[in-house]
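Order-wise, the sequence lines are chains A and B. Taking this note's numbering, the leading residue of the first sequence gets 182, the next gets one more, and so forth. Taking this note's numbering, the leading residue of the second sequence gets 182, the next gets one more, and so forth. Where is the CB? At the ideal position from N, CA and C, for every residue including glycine. For reference, the structure is listed below as structure tokens.
Protein chains: 2
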Amino acid sequence: MTIRQRPDERRQGLLEATARCLAEKGAAGVSVRAICTQAGVSPGLIGHYFGGVAEAIAATYRWTGDSVGQALDAAVAQAGPAPRARLLAYLTASFRPPIASPELLGTWVAFWSLTRNDPAIAAIHAEIYGQFRHGIEALIAAAHPALADTRLPAVALTALIDGLWLELSLGHAPYSAAEAEALVELWLDALLR
Amino acid sequence: MTIRQRPDERRQGLLEATARCLAEKGAAGVSVRAICTQAGVSPGLIGHYFGGVAEAIAATYRWTGDSVGQALDAAVAQAGPAPRARLLAYLTASFRPPIASPELLGTWVAFWSLTRNDPAIAAIHAEIYGQFRHGIEALIAAAHPALADTRLPAVALTALIDGLWLELSLGHAPYSAAEAEALVELWLDALLR
DNA sequence: GTTGTTGTTGAACGATCGTATAACAACCGC
DNA sequence: GCGGTTGTTATACGATCGTTCAACAACAAC
């Protein structure tokens with residue numbers, strides 16, 4: 182039997198266990214029993230903290246998205262005051278710790294595949310990506326105040342980052358994280374020249 | 182009861198049913214019964230044409246990949262002799278019929294999520310993406326004979342296309358297929374300038 | 001210490017999963 | 001036509017799925 186934990190710690194443990202299951206077994210392999218075994222907990226407990234496994238996965242997506250958002254903000258804060266440096270830090274943070282971990286990449290790909298078929302996941306996805314794009318647009322506007330439209334550059338940079346991230350996640354990508362960063366910087370200059 | 186079909190037609194029907202299931206229900210929702218219902222066939226038949234559902238999915242990935250490859254080649258053939266036009270046709274074909282259909286996009290995202298966890302799918306993925314990159318590299322070399330390295334540009338273009346494709350697939354993307362094409366052309370010029 | 005609330009377990013339920021197989025239908029060679 | 005091969009169905013099996021719930025353990029209030 183497991184020792185009783187504080188409720189928020191237990192809930193957090195279940196979120197992390199869900200993320201680990203999604204990374205290891207994919208969207209098709211995650212299950213209540215797998216999650217609870219991963220968390221070292223009895224299968225009945227998922228119903229106590231979440232309404233069901235679907236809600237647990239949704240909460241995990243929200244938590245993962247928030248974590249990434251905080252890491253992005255931290256990278257920007259560390260970049261100093263120069264607008265271009267702040268924008269570049271935001272864009273390249275996806276290829277550095279703590280975001281560029283194999284586990285997080287795997288979890289994220291699983292969320293992509295769930296987004297198409299689960300409306301609740303799709304809503305969270307829209308929120309997360311909306312925030313991400315909004316962050317890029319704000320930093321672009323700060324770096325290039327004269328620019329008329331920030332939407333398309335934000336779309337373009339998001340797409341390149343996601344594409345590079347995807348191939349890094351699927352393994353055997355014929356490039357390094359450092360090369361990915363360099364490509365993002367090149368793309369940024371091409372878009373805002 | 183279903184009328185008997187020619188074996189290759191029946192097998193092809195099962196491949197298409199599998200693809201439709203992956204698009205509609207995702208990697209987590211596909212099942213023998215769903216596939217066979219979609220194909221209008223009894224569940225036992227999947228074992229007759231494939232060793233099991235895993236093999237059916239793998240065969241579907243191979244068939245889908247071949248179809249995309251043929252569509253890409255057709256787009257190049259239609260583009261005429263100019264090297265740059267041929268390269269651009271190869272790159273933008275992903276955003277035009279028959280490749281840019283909602284069903285194909287959905288199926289493809291499901292394959293991405295399976296790639297991380299199923300070695301057989303991963304092998305097929307490596308083959309398909311190897312061919313795609315090889316195609317880009319050959320067209321780049323033809324268009325820019327003096328270029329030393331074609332690997333990184335091919336990586337970069339593949340990533341942008343996948344990223345744009347992903348967001349188009351997940352719905353509510355804040356851009357059109359035409360804008361995606363224009364971005365790919367811009368990226369091409371930035372890489373090979 | 002007693003009582004009541006909350007966390008947790010482990011087993012049970014019905015549903016669905018993938019696969020195997022016996023029976024039947026359709027086709028082919030003769 | 002007839003026998004043998006192949007396609008197809010329907011069902012059955014064991015495993016696993018998500019969820020529920022009675023029972024028990026841990027803690028808080030008093």
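With a threshold of 8 Å between beta-carbons, can residue i be considered close to chain B, or not?
i	result
A:Gly246	no
A:Gly221	no
A:Glu318	no
A:Tyr350	Residue identity differs from the one stated: residue 350 of chain A is Ser in this sequence, not Tyr. At least one chain B Cβ lies under 8 Å of A:Ser350.
A:Arg214	no
A:Met182	The predicted model places A:Met182 with a pLDDT of 49, which falls under 50 and marks its position as unreliable, so this point remains unresolved.
A:Val234	no
A:Val290	yes
A:Ala329	no
A:Ala200	no
A:Gly250	no
A:Ala303	yes
A:Leu364	yes
A:Ile273	Note that residue 273 of chain A corresponds to Thr in the displayed sequence, not to Ile. No, A:Thr273 does not count as interfacial toward chain B.
A:Thr339	yes
A:Glu360	yes
A:Ala371	yes
A:Gly210	yes
If you count every other CB in all the chains shown that lies within 10 Å of the CB of residue i, and 16 or more means buried, which is it?
i	result
B:Glu348	buried
B:Ser350	buried
A:Gly232	exposed
A:Pro334	buried
A:Arg201	buried
A:His353	exposed
A:Arg267	buried
A:Gly207	buried
B:Ala359	exposed
B:Asp189	exposed
A:Gly287	buried
B:Arg187	exposed
A:Asp299	buried
B:Ala198	buried
B:Met182	The predicted position of B:Met182 is uncertain, since its pLDDT is 48 and thus under 50; a value taken from the coordinates is nonetheless stated next. Classification of B:Met182: exposed, given that the 10 Å Cβ count is below 16.
B:His306	buried
B:Ala361	buried
A:Arg460	Lying outside 182 to 374, the shown extent of chain A, residue 460 of chain A is not represented and no answer is given.
B:Asp370	exposed
A:Gly225	exposed
A:Asp343	buried
B:Ala281	buried
A:Ala263	exposed
A:Ala340	buried
Compare the C-beta of residue i with all C-beta atoms of chain A and state if any pair is closer than 8 Å.
i	result
B:Glu242	In the sequence under discussion, the amino acid at residue 242 of chain B is Tyr, which differs from the Glu named in the question. No, B:Tyr242 does not count as interfacial toward chain A.
B:Ser357	no
B:Gly347	Residue identity check: residue 347 of chain B is Leu in the sequence provided, not Gly. Closer than 8 Å to some Cβ of chain A, the Cβ of B:Leu347 qualifies, so yes.
B:Ala237	no
B:His353	yes
B:Leu367	yes
B:Ser294	yes
B:Asp343	yes
B:Glu308	no
B:Leu333	yes
B:Arg297	yes
B:Val336	yes
B:Gly207	yes
B:Gly287	yes
Going by DSSP, what residue range makes up the alpha helix (DSSP H) through residue i?
i	result
B:Ser248	234-259
A:Pro264	264-273
A:Ser294	283-296
A:Val213	213-220
A:Tyr230	227-230
B:Thr199	188-210
A:Phe313	300-324
A:Pro334	332-351
B:Ala358	358-373
Please check the pair residue i and residue j, which I expect to be a contact at CB under 8 Å, by giving their CB distance rounded to whole angstroms.
i	j	result
B:Leu203	B:Tyr230	Incorrect: roughly 17 Å between the Cβ atoms, too far for contact.
A:Leu373	A:Ala337	Not confirmed; about 10 Å, so no contact.
B:Leu295	A:Ala209	7 Å
B:Ala274	B:Ala303	That belief does not hold up - the Cβ atoms of B:Ala274 and B:Ala303 are roughly 25 Å apart, past 8 Å.
B:Val290	A:Trp293	6 Å
A:Ile317	A:Gly246	So it is not a contact: roughly 15 Å between Cβ atoms.
Worksheet item: Pairing CB atoms from the segment 214-221 of chain A with CB atoms from the segment 257-276 of chain A, are three or more of them under 8 Å?
Response: no
Discussion item. Does the segment 230-240 of chain B come into contact with the segment 321-336 of chain B, if we say contact requires no fewer than three beta-carbon pairs (one atom in each stretch) closer than 8 Å?
Written reply: no
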